[in-house]
Each structure stands twice: as C-alpha cells, then as structure tokens.
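In our numbering, the protein residues as written are 395 to 558.
Here's what the structure looks like:
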C-alpha cells in the first residue's frame, strides 16, 4: 500500500507542477521552475515536467529570443522539432534550451548552402524554402545550374534536396 500511495503522491505533484508551469507568465518560465524546485524539494521531478512543458509554454506565448541582435519569436509556426526553431528572415535555425532560456547552437543555412553551391555549381543559383510534410518541418533547397557537359554529352539542370 505504501508504494501505491507514494506513486499517487508523485503523480499529484507532477500534475500540480504542470498546472503551475502552464500558468507562468511569459518570460518568467525559468524563474517559476526555480521557485517550484525550492517549494517541492524534488528537483528531478520539477525539471522533468518543465522539460515537457517548456516548449509548449514558449510557443504558446510567442517567447522572444535574441539572435545576433535581432528578436525572433518562438512559435508553432517556426518550430522545426527537437527544440529547434527557424528564423525566416536571416535563414537561421536555432536550438533553444527552454529550461535555461538560452540558444544552444544556431546554423546559418543560407551561408552553408551558398558556399556548397558556389563550390560545386559555379554558375548555379539556389533558394531555400520551409515546407511542412505531415508533422515534419523541412527545408527544401533548390539548386539550378543549367550547363552542358561537353565530354559526357549530358546536361545538368535542377536539383532539389531536403535538409533536416
């Protein structure tokens, strides 16, 4: 009977933690997590629940983050999954730590793609788009380099590829 009571107690705590995290004001999620850790005295449980709730909370509240001096909003619309978000203006994808409220790493997709295209397709053009396929958000890279290869007699045209 004691283990069942302990389990129910832990489930009740988890439910309470989730309810309080959902009600935390925009921008104060990290502070609410710290306060709950101090009150509940179960840091592991609070961090576990906060990890689940942080992404949802930040997307629902359009949480602003700074990338290279610019403000980018975390929303459902630019969510790439795996705590990554897309900045369509500068073509960045950013991985965000919702517990600490900081960006972990960012990738400048247009610079990487431009460098690849200029190396392999000197006369080529490229463009990148964000696309939704079922539940996944993808980048579609389109490369155009219409050239005729005189030795093999083949023509090279368009290529597309998906970037995760």
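Beta carbons: idealized from backbone N, C-alpha and C, even for Gly. As the structure is a computational prediction, the values presented were derived from the model and not from experiment.
**Request:** Could you check if residue 423 is buried or exposed, using at least 16 other CB atoms within 10 Å of its CB as the buried criterion?
**Result:** Around the C-beta of residue 423, 16 or more other C-beta atoms lie within 10 Å, and the residue is accordingly described as buried.
**Request:** Could you check which residue in 453, 527, 419, 408 has the C-alpha nearest to that of residue 433?
**Result:** 408
**Message:** Only counting the same chain, and skipping five residues up and downstream in sequence, which positions put a Cβ closer than 6 Å to that of residue 405?
**Reply:** none
**Asked** In this structure, does DSSP put residue 538 in helix, strand or coil?
**Response** In the structure shown, residue 538 sits in a strand (DSSP, three-state: E or B).
**Prompt:** Any idea what DSSP makes of residue 482, helix, strand or coil?
**Reply:** Coil.
**Asked** Tell me which same chain residues have a C-beta within less than 8 Å of the C-beta of residue 482, skipping the five on either side of it?
**Response** 472, 524
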